[in-house]
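Visitor: Sending over a structure as C-alpha cells; questions will come in a sec.
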Amino acid sequence: MEKPALKVEKRLGEEALKAVSKLGLLDRGFKVKRLDGYIAIPLVRNPTEEEFNALRRLNPLVYVEEFEPRLRPRSIREALEDMVPEDVLSSIPSSLDLVGDVAIIQYRRELEPYLKAVGEAVMKVYPRVKSVLVKTGPISGDFRVGDYTVVAGSGETETVHKEYGCLYAVDPVKVYFSPRLSYERFRVASMVKPGERVLDMFTGVGCYAILIAKKVTDCVVYAVDINPVAVKYLKRNIAMNKVQGRVIPVQGDVVKVVDEGLKGVFDRVIMDNPSRAKFFLKTACQALKPSGGVIHYYGFYPEPNPEDQALRDFRRGVLEAGRLVESAETRIVREVSPRRYHVAVDGKVC
Ligand SMILES: C[S@@+](CC[C@H](N)C(=O)[O-])C[C@H]1O[C@@H](n2cnc3c(N)ncnc32)[C@H](O)[C@@H]1O
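Residue numbers in the sequence shown follow numbering that gives the first Met the number 0, run continuously in steps of one, and reach 349 at the last position.
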C-alpha cells in the first residue's frame with residue numbers, strides 16, 4: 000500500500016525511528032522498508048513544517064513509498080518467541096493494564112534482561128500504545144503512587160483514559176489510577192440517587208466523582224485529594240467532562256477539609272483508599288448528615304473471611320465515631336495478591 004515515507008541513511012535508522020515515533024508519525028501497521036543503504040519509514044501522514052524541521056538533522060527525504068502491512072502478533076508471548084528463552088517466556092504476564100495509550104506491566108525478576116524486548120513486544124501487539132512502563136515498586140506513600148520504569152515507546156506518560164463514557168486525563172507515574180476498578184466505580188455510581196450530596200474523600204483524578212455527576216441528575220459531589228497533581232488532573236477532568244459546578248474539587252487532607260466546613264452535609268461518602276480507609280471512619284461519619292447516610296468503605300483483608308474482617312473494622316469505626324450501622328453489605332472487589340482481597344462494605348449509617 001502506498002503511504003507517506005521518510006527515507007534516511009541506514010546508519011541513522013534507529014535514531015530516525017525514535018524521532019518519528021516521538022512525533023507520533025510512525026505507522027506501526029506497516030513494515031519499515033530496507034533500500035540500498037537507506038531505510039524508508041512508513042508515516043501516518045506527511046510531517047508538518049515544524050515536525051520536518053525537528054527531523055532535519057537526519058537529512059531525510061519525504062516521499063510516497065509502497066509498504067507491506069505488518070502482521071501483528073496476537074500476544075506478547077508470541078511476539079517474543081525466538082527472542083527470549085523458553086523458561087522466561089512462560090513468566091511473561093499474559094495481561095497488562097492499559098491506561099489510555101500507556102501500557103503497564105508487572106515487574107518479574109527473571110524478565111530483567113529482557114524488559115526492553117518485552118516493552119517492544121507490547122507495542123507490536125497494541126499498536127496504539129505510546130509508552131510501556133514496568134511497575135518496579137509497590138503503591139506507597141500518602142499519594143498512593145507506584146514506581147515505574149519506561150521500557151519502550153516515547154516515554155510520555157500523561158494520557159487520557161476512557162471509561163463508561165467519561166474521559167480522565169491522568170499520569171499514572173504521578174497520581175494513583177487503576178483501570179481495574181472501573182466496574183466498582185460504576186457499581187457505586189449506580190447506587191447514587193438524584194439530589195444527593197456526595198463526598199468522594201480520596202478522589203484521585205476524580206473517577207468516582209465525575210462518573211456520578213455524569214450519571215445522576217442534580218447531585219453535587221465534593222471531590223477531595225491531598226495530592227496537588229491529582230487535583231490538577233481532577234480540575235482538567237471536570238472541564239473535559241462538562242461537570243463544572245457539580246463536582247467541587249478540593250485539595251487537602253480530608254480530615255481538615257471536613258473539620259473546617261463540611262460536617263453534617265452529605266448523604267453518601269466514598270472512602271476509596273483501601274490501605275488507610277479505616278483510620279478515616281470518624282471523618283466519614285462526621286461528614287454524613289445528622290439523619291445518616293451511606294458509607295462505601297474499602298479495605299484490604301487476607302483469608303480467612305476477608306469480608307467478615309472488613310465488616311468488623313467498619314462497625315467498630317462507626318461505633319467509635321458515635322454512630323450506628325443500620326445495615327451493611329460486603330463484596331470482594333478483587334484479589335490483590337494471593338489470598339488477600341480488596342473488600343467493599345456498603346453501609347447504611349444512622
Ligand atoms: C487509592 S487512591 C484513590 C483513587 C480514586 N478514588 C480512583 O478511583 O482513581 C487514594 C487517594 O487518596 C489520596 N489521599 C491519601 N490521603 C489523603 C488524605 N488524608 N486526604 C485526602 N486525600 C488523601 C491519595 O493522594 C490518592 O490519590
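For each residue, glycine too, the CB sits at the ideal point set by N, CA and C.
Quick one: using the 10 Å Cβ neighbour count with 16 as the cut-off for buried, is I91 buried or exposed?
Guide: Label assigned to I91: buried.
Visitor: Going by Cα to Cα distance, which pick from A276, A151 and C218 is closest to D266?
Guide: With distances taken between Cα atoms, D266 lies closest to C218.
Visitor: Could you work out which residue in E77, M239 and D146 is closest to K123 when comparing CA atoms only?
Guide: The shortest Cα separation from K123 among E77, M239 and D146 belongs to E77.
Visitor: Is the beta carbon of N226 within less than 6 Å of some heavy atom of ligand 1?
Guide: At least one heavy atom of ligand 1 is nearer than 6 Å to the Cβ of N226, so yes.
Visitor: Are I209 and V242 touching if we call contact CB-CB under 7 Å?
Guide: Contact flag set, yes.
Visitor: Are A309 and G298 touching if we call contact CB-CB under 7 Å?
Guide: In this structure, G298 lies closer than 7 Å to A309 by Cβ.
Visitor: Any heavy atom of ligand 1 within a distance shorter than 6 Å of the CB on G145?
Guide: Answer for G145: no, Cβ out of range of ligand 1.
Visitor: Classify E183 as buried or exposed, calling it buried when 16 or more other Cβ atoms lie within 10 Å of its own Cβ.
Guide: Counting Cβ neighbours within 10 Å, E183 comes out buried, since at least 16 surround it.
Visitor: In the DSSP assignment, find the unbroken alpha helix (DSSP H) run with M190 in it and report its ends.
Guide: It is not in any alpha helix (DSSP H) - M190 carries neither H nor E in the DSSP assignment.
Visitor: For Y300, is the beta carbon positioned less than 6 Å from some heavy atom of ligand 1?
Guide: Checking every heavy atom of ligand 1 against the Cβ of Y300, none is found closer than 6 Å.
Visitor: Between L203 and ligand 1, is there a pair consisting of the residue's CB and a ligand heavy atom that are separated by less than 6 Å?
Guide: What sits at residue 203 in the sequence shown is Gly, not Leu. True, at least one ligand heavy atom lies under 6 Å from that Cβ.
Visitor: For the alpha helix (DSSP H) containing P305, name the first residue and the last one.
Guide: Element bounds for P305: P305 to E319.
Visitor: State yes or no: is the C-beta of V197 nearer than 6 Å to some heavy atom of ligand 1?
Guide: Not under cutoff, so the answer is no.
Visitor: How about C165: is its Cβ closer than 6 Å to a heavy atom in ligand 1?
Guide: No, Cβ of C165 sits at least 6 Å from all heavy atoms of ligand 1.
Visitor: Is the distance from the Cβ of K9 to the Cβ of I38 below 7 Å?
Guide: Their beta carbons are under 7 Å apart, which means K9 touches I38 by this criterion.
Visitor: Would you mind stating whether K135 and T156 have Cβ atoms separated by less than 7 Å?
Guide: Looking at the sequence itself, residue 135 is Thr, so the reference to Lys does not match. In this structure, T156 does not lie closer than 7 Å to T135 by Cβ.
Visitor: I believe V342 touches Y300 by the beta-carbon criterion, under 8 Å. Please report the beta-carbon distance rounded to the nearest angstrom.
Guide: Right, the Cβ-Cβ distance comes to about 5 Å (below 8 Å), so this counts as a contact.
Visitor: Given a cut-off of 7 Å on the beta-carbon distance, is the pair S153 and K173 in contact?
Guide: Their beta carbons are not under 7 Å apart, which means S153 does not touch K173 by this criterion.
Visitor: Sorted by chain position, which residues of the same chain lie with C-beta nearer than 6 Å to E325's C-beta, five sequence neighbours on each side aside?
Guide: Hits under 6 Å: K347 and C349.
Visitor: Start and end of the beta strand (DSSP E) containing S139?
Guide: Element bounds for S139: S130 to S139.
Visitor: Exposed or buried, which one is Y175 when buried takes at least 16 other CB atoms within 10 Å?
Guide: It counts as buried.
Visitor: Verify the contact flag: C206, CB atom, against every heavy atom of ligand 1, threshold strictly below 6 Å.
Guide: Yes, since a heavy atom of ligand 1 falls inside the 6 Å radius drawn around the Cβ of C206.
Visitor: Using DSSP with H/G/I as helix, E/B as strand and the rest coil, what is D258?
Guide: Note: D258 maps to helix in three-state DSSP.
Visitor: Which complete beta strand (DSSP E) runs does the stretch 27 to 64 hold, if anything under 3 residues is left out?
Guide: If we require 3 residues or more, the beta strand (DSSP E) runs fully inside the stretch 27 to 64 come out as 32 to 34 and 37 to 41.
Visitor: Using the three-state DSSP reduction, which class does L233 fall into: helix, strand or coil?
Guide: It is helical.
Visitor: Bridge partners for T158 per DSSP, in chain order?
Guide: Answer is V169, bridged to T158.
Visitor: Measuring from the CB of V223, is there a heavy atom of ligand 2 at a distance below 6 Å?
Guide: The ligand content of the structure shown is limited to ligand 1, which means ligand 2 is not among them.
Visitor: Given 6 Å as the limit, tell me if A343 has its C-beta closer than that to any heavy atom belonging to ligand 1.
Guide: No, ligand 1 has no heavy atom inside 6 Å of this Cβ.
Visitor: What does DSSP give as the partner residue(s) for K347 in the beta ladder?
Guide: For K347, which the question treats as bridged, DSSP gives the partners V293 and S326.
Visitor: What I want to know is whether the C-beta of N240 ends up closer than 6 Å to one or more non-hydrogen atoms of ligand 1.
Guide: No.
Visitor: Look at the alpha carbon of A18 and the alpha carbon of L25, and state the distance between them as a whole number of angstroms.
Guide: Spanning the two alpha carbons is a distance of roughly 9 Å.
Visitor: Buried or exposed: which applies to S336, given that a residue is buried once 16 or more other Cβ atoms fall within 10 Å of its Cβ?
Guide: Exposed, because fewer than 16 other Cβ atoms sit within 10 Å of the Cβ of S336.
Visitor: Classify M270: buried if its beta carbon has 16 or more other beta carbons within 10 angstroms, exposed otherwise.
Guide: Buried: at least 16 other Cβ atoms inside 10 Å.
Visitor: Looking at the unbroken alpha helix (DSSP H) that takes in E1, where does it start and where does it end?
Guide: Taken as a continuous stretch (DSSP letters only), E1 belongs to no alpha helix (DSSP H), being part of the beta strand (DSSP E) at E1 to E8.
Visitor: Would you say the stretch 283 to 293 touches the stretch 254 to 264, given that touching needs at least three Cβ pairs under 8 Å?
Guide: The stretch 283 to 293 is in contact with the stretch 254 to 264.
Visitor: So, for E162: in the same chain, excluding its five sequence neighbours on each side, which residues have a beta-carbon less than 8 Å away from its beta-carbon?
Guide: P178, S181, R184, C206 and L210.
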